[in-house]
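The sequence shown maps to residues 1 to 199 in full-length UniProt numbering.
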Amino acid sequence: MNPRKKVDLKLIIVGALGVGKTSLLHQYVHKTFFEEYQTTLGASILSKIIILDDTTLKLQIWDTGGQERFRSMVSTFYKGSDGCILAFDVTDPESFEALDIWRDDVLAKIIPMEQSYPMVVLGNKIDLEDRKVSQEVVHGWCKEKDMPYFEVSAKNDINVVQAFEVLASRALLRYQGTAENHLIDSIKLSPGQPKSRCC
Ligand SMILES: Nc1nc2c(ncn2[C@@H]2O[C@H](COP(=O)(O)OP(=O)(O)OP(=O)(O)O)[C@@H](O)[C@H]2O)c(=O)[nH]1
Ligand SMILES: [Mg+2]
1 MNPRKKVDLK
11 LIIVGALGVG
21 KTSLLHQYVH
31 KTFFEEYQTT
41 LGASILSKII
51 ILDDTTLKLQ
61 IWDTGGQERF
71 RSMVSTFYKG
81 SDGCILAFDV
91 TDPESFEALD
101 IWRDDVLAKI
111 IPMEQSYPMV
121 VLGNKIDLED
131 RKVSQEVVHG
141 WCKEKDMPYF
151 EVSAKNDINV
161 VQAFEVLASR
171 ALLRYQGTAE
181 NHLIDSIKLS
191 PGQPKSRCC
């Protein structure tokens with residue numbers, strides 16, 4: 001029997017205060033939703049094991065608080081992450097406008113810094129009547145930045161699994177690419193056959 005490959009991935013979720021980051025994570029990991037709001041102080045971690053293709057993925061997902069006072073502290077957690085969810089609330093235009101800053105901040109802190117770092121955008125709370133951010137505007141921005149966009153509801157469990165799993169599969173592809181590059185580098189660096197010298 002071919003034992004499944006196992007890969008650990010670190011994912012992060014960022015975005016403004018109260019957009020529903022913790023709720024999305026709880027919906028994805030525990031299939032639960034709470035109406036009452038409890039802001040995240042700093043950061044917390046949830047884990048979930050999923051199987052993608054022939055690989056067992058252990059996702060370690062870092063939930064970060066959107067409060068300004070935690071900003072520099074939570075940004076230290078971006079380091080070493082394999083992918084990121086940028087979340088906003090479709091009823092709160094400011095939370096969408098802030099995504100540019102969240103994105104730049106994450107890209108500046110990840111190591112190594114690179115453009116192919118996987119990111120997906122989630123517009124949350126689509127179950128509410130009073131949406132204020134149009135789909136077209138978000139699609140335009142995401143297309144420009146080359147990031148997939150999902151309209152989601154943590155409350156009604158709409159598109160949540162799909163969004164997390166698209167990010168996980170992109171993070172896995174990047175991980176496999178990096179692992180392959182390391183292998184090629186180590187083959188290049190390992191001493192080869194001594195070259196035959198001519199007189
Ligand atoms: N109607 C609706 N409410 C939601 C949804 N997702 C989250 N909420 C509510 O929005 C409030 C904030 O949700 P949280 O998940 O705590 O938001 P957060 O982004 O983690 O907030 P911080 O940790 O403070 O940055 C809570 O009262 C949730 O019940 C959703 O999809 N629909
Ligand atoms: Mg939270």
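Ideal placement from N, C-alpha and C gives every residue a C-beta, glycine not left out.
The three-state reading of DSSP puts G123 in strand, counting E and B together.
Distances between the C-beta of T40 and the heavy atoms of ligand 1 include at least one below 8 angstroms. Taking C-beta atoms as the reference points, F164 and I51 fail to come closer than 9 angstroms.
Apart from sequence neighbours up to five positions away, the residues of its chain that approach K48 with a beta-carbon distance below 6 angstroms are V29 and L59, ordered along the chain. For D92 and N159, the gap between their C-alpha atoms comes out near 19 angstroms. Approximately 5 angstroms separates the beta-carbon atoms of M147 and M119; this is inside 8 angstroms, confirming the contact. For F96, there is no enclosing beta strand (DSSP E); the residue is found in the alpha helix (DSSP H) stretching over P93 to E97. By the Cβ neighbour-count rule, F34 is exposed, with fewer than 16 other Cβ atoms within 10 Å of its own.
In terms of Cβ geometry, Y117 and V7 do not form a close pair [threshold 9 angstroms]. Within the model, the alpha-carbon separation for G65 versus I126 is close to 21 angstroms. Take the alpha-carbon of K21 and the one of F150: they are about 14 angstroms apart. Spatial neighbours of A154 in its own chain (CB-CB distance under 8 angstroms, excluding positions within 5 residues in sequence) are listed in chain order as G20, S23, L24, H26, Q27, F33, N124, K125 and V160. Each residue's CA atom was taken as its position, placing E68 and V137 some 26 angstroms apart.
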